[in-house]
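Report on the structure given below.
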Amino acid sequence: MNIEGFRHASYQAIDRICDYFLSLEERPVLPSVQPGFLRGLLPNHVPDSGEDIQQIADDFRDTILPESILGELYSSSIANPGFNWHCSPVSTELEEIVMDWSCKLLGLSDAFLNTSETGGGVLGTTACDSVLVTIVAARTTFLQLNPGLSQQDLVLYITSQTHILGCKAAAILGLAYTVLEVAKEGDYSLRGKTLLAAIKKDAGNGRHPFFLIATVGSTSNGSVDRIDELGPILVSNGIWMHVDAAWAGLALACPEYRDVCQLEAINKYADSFCINFHKWGLVSLEASALWVRNRQWLMQALDVTPEYLRTIHVEDNVNDYRNWQFSLSRRSRSLKMWFVLRGFGIQGLQGYIRKTISLCQMFYKLVENSSDFQLVGRPFLSLAVFRLRPKDSLLFSVNADEQTLNDLNRIFHRKLLIHDLFLTQTMLDGMFCIRFNVGATRTEERHIMNAWKTICSQIEPAIAEWVKYYVP
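Following this line, the structure appears as structure tokens:
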């Protein structure tokens, strides 16, 4: 959609929202539909090609609205608390549908489909909340299977490249955790032998590991844990595997990236899997998609149903999403997912992902061919990590110590920020590094070249400032 098309659709959205409020008095208070009504009205997969926004908006008016940015704008116009099917049937069923659409789009196992009636998917706020929910479910399940143990006996596993969400979840829940070190030599991936050694050590200390966060596309450098090696070990020890693919998971929509992202092993071993559509999936915050292999694991841990939440549809086996998460009331996030999936289609989403990866590879080549920079690790998908290492400068030799290079790169990074180039930083093996990630829909080659021009222009000023402050 171009800018003028967006302008027209936005004006129309405001007009239709106003018409909706003007007609509220004439609308029924209770839904007149039966469970499962929406699946008969909508297709069971993402369209191959993007659909016209007018058709999507008309379907919202004719199919969605009678029962109940453009998707976000529309969703903010309707009050759907979403805590059970009865109060928000269209919100619940649309969420089930778009999660199944997304499951198929990514090539996930049918075990994760809502229609499987065993597993299923739910939309939440962020990957942090998703891991918190799954840890609670895993803890409840593990303690039920191992009577006599207490929470104090449990330990969860993260790696030195796991997102901070692991440590934060452990702190919130009062759980012990172990950080499993991953090495540059292994592309910062968790390997089976490291996991086995940790399990053996904990067993000797009377501790019981029950949960592992495996990462596909770590935040710092895009590393991918060896899920194919970890899976059999976790299964044999009764340990839950949660796969955090928050930003990189959307690459699974492109078949050529499924092997590098360990899709086959995910489908075989993962108990839960999470991606954030608001990171690389063209959906505005919040849109974190969580799939579980067995929804009962969530419900047995989180289902609290007082009398005032019981409805006549309990025996219909309807889905009350409040039992999949912590919150009672929930936003209708599925609507904006529905707009994006229909508006882009499979081909549109694949084209966008491939384009951003291609642009990142273009940047990677520029860094690789420069004598002033060093790539840190291998680029992964749309992420490249690099640092300034000026080999031709009299002040910096190939053997410059890490502290010197870190000081220089901190100065260099600050100068890039001042020049309106917002690149984030990270630390890898004691090295201060800069992350270059391509994700915006309107990024073109000229933007990459302009960024590179800015990056190169700040080499000498950064060195000059380092000399000023650090050279006697």
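For the sequence shown, this note's numbering begins at 759 and goes up steadily by one.
Note that CB positions come from ideal geometry on N, CA and C, so glycine has one too.
Would residue i pass as a contact of residue j if the rule is Cβ separation under 7 Å?
i, j, result
"Ala-869", "Ile-811", "no"
"Gly-950", "Ile-991", "yes"
"Cys-1019", "Ala-885", "no"
"Phe-1170", "Leu-1181", "no"
"Val-1196", "Ser-1140", "yes"
"Val-1134", "Val-1125", "no"
"Gly-1103", "Gly-808", "yes"
"Ile-893", "Phe-969", "yes"
"Asn-1025", "Ser-867", "yes"
"Val-913", "Asp-960", "yes"
"Ile-814", "Arg-1100", "yes"
"Trp-859", "Val-940", "no"
"Trp-1005", "Ala-896", "no"
"Ser-781", "Ser-1090", "no"
"Gly-878", "Arg-1051", "no"
"Asn-1081", "Asp-1061", "yes"
"His-966", "Asp-911", "yes"
"Glu-853", "Ser-1092", "yes"
"Pro-1137", "Lys-1173", "no"
"Thr-1114", "Ser-978", "no"
"Gln-1132", "Arg-1147", "yes"
Output needed for residue i: all residues of its chain with C-beta closer than 6 Å, excluding positions within five of it in sequence on either side, in chain order.
i, result
"Ser-976", "Gln-919"
"Thr-1212", "His-1177 and Leu-1179"
"Glu-851", "Leu-796"
"Asp-986", "Ala-1023"
"Tyr-1015", "Ala-1009"
"Val-1098", "Leu-1040 and Val-1041"
"Ala-934", "Val-913"
"Gly-924", "Ile-916 and Ile-971"
"Thr-899", "Trp-1055"
"Ala-1028", "Met-999 and Val-1001"
"Gly-1106", "Gly-808"
Given that a residue counts as buried once 16 or more other Cβ atoms are within 10 Å of its Cβ, and exposed if not, what is residue i?
i, result
"Cys-1118", "buried"
"Lys-1149", "exposed"
"Gly-1039", "buried"
"Ser-1129", "exposed"
"Val-1156", "Any reading at Val-1156 needs caution, since the residue's pLDDT is 48, under 50, leaving its predicted position unreliable; the model's value is listed next. Exposed, by the Cβ-count rule."
"Ile-1206", "buried"
"Asn-1167", "buried"
"Ser-1116", "exposed"
"Asn-802", "exposed"
"Phe-764", "exposed"
"Met-857", "buried"
"Ser-826", "Summary for Ser-826: the model assigns pLDDT 46, below 50, so the residue's position carries little reliability, and this model does not support an answer."
"Glu-1202", "exposed"
"Cys-1191", "buried"
"Arg-1088", "buried"
"Ile-772", "exposed"
Looking at the ligand MG, does it come within less than 6 Å of residue i, judged from the CB to the closest heavy atom?
i, result
"Asp-887", "The ligand MG is not part of this structure, which contains no ligands at all."
Closer than 7 Å by C-beta to residue i: which residues in its own chain qualify, once you throw out the five before and the five after it? Chain order, please.
i, result
"Cys-1012", "Gln-1108, Ile-1111 and Arg-1112"
"Gly-882", "Ser-888, Ser-1046, Leu-1048 and Gln-1083"
"Ile-930", "Leu-890"
"Ser-947", "Val-940, Ser-981, Val-982, Asp-983 and Arg-984"
"Lys-1037", "Ala-1004 and Trp-1005"
Looking only at DSSP bridge pairs, what is residue i linked to?
i, result
"Phe-969", "Leu-914 and Trp-998"
"Val-937", "Ile-916"
"Ser-1030", "His-1000 and Val-1050"
"Val-1041", "Beta-bridge pairing links Val-1041 to no other residue."
"Val-974", "Val-982"
Between residue i and chain B, is any beta-carbon pair separated by less than 7 Å?
i, result
"Arg-1089", "Included in the structure is just one protein chain, with no chain B present."
Please return the same chain residues whose Cβ sits closer than 8 Å to the Cβ of residue i, not counting the five positions on each side in sequence.
i, result
"Trp-1210", "Phe-1121 and Leu-1124"
"Thr-1199", "Leu-1040 and Tyr-1110"
"Val-974", "Val-982, Asp-983, Ile-985, Val-1001, Asp-1002, Ala-1003, Ala-1006, Gly-1007, Cys-1019, Gln-1020 and Ile-1024"
"Asn-995", "Ile-957 and Pro-967"
* What beta strand (DSSP E) runs, 3 residues minimum, are completely inside the segment 1162-1223? -> Scanning the segment 1162-1223 for uninterrupted beta strand (DSSP E) segments of 3 residues or longer gives 1183-1186 and 1189-1195, listed from N- to C-terminal end.
* To do: For the segment 1075-1161, list the beta strand (DSSP E) runs that are entirely contained and at least 3 residues long, ordered along the chain.
  => Qualifying beta strand (DSSP E) stretches, in chain order: 1131-1133 and 1141-1146.
* Quick one: complete alpha helix (DSSP H) runs, 4+ long, within the segment 850-907? -> Counting only runs of 4 or more, we get 885-903.
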